[in-house]
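What follows is a short report on a single structure.
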Amino acid sequence: PPPPNAFILFRSEFIKSQHVPGDVEANHGNLSKIIGLCWRTLPFPERAVWECKARLAMAAHKARYPGYRFRP
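Residues 1037 to 1108 in the numbering used here are what the sequence shown lists, from first letter to last.
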């Protein structure tokens, strides 16, 4: 699997913390639109935290899968 980027990490945490309860919105397409809107409106310092987490995830991924190449 490819390493997660900043948005994927943000989306994963957003869903885990249940900012939008499942009974309100269970459709993942709509949920992604909501999360995307939140992501676009995130202040720079908060977004930088997620970018840092993505860099750490990339480093961990490289350590775990040293020869990994993305092949669609």
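Where is the CB? At the ideal position from N, CA and C, for every residue including glycine.
| Query | Result |
| --- | --- |
| By the 10 Å Cβ neighbour count, where 16 or more other Cβ atoms means buried, how is ARG1047 classified, buried or exposed? | buried |
| Considering only residues of the same chain and omitting the five flanking positions on each side of TRP1086, which have a CB-CB separation below 7 Å? | ALA1042, LEU1045 and PHE1046 |
| Helix, strand or coil for ARG1076 per DSSP? | helix |
| According to the neighbour-count rule (16 or more other Cβ atoms, all chains shown, within 10 Å of its Cβ), is PRO1079 buried or exposed? | exposed |
| Report yes if the C-beta distance between ALA1099 and PRO1039 is below 8 Å; otherwise report no. | no |
| Indicate whether PHE1050 and CYS1088 have their beta-carbon atoms separated by less than 8 Å. | no |
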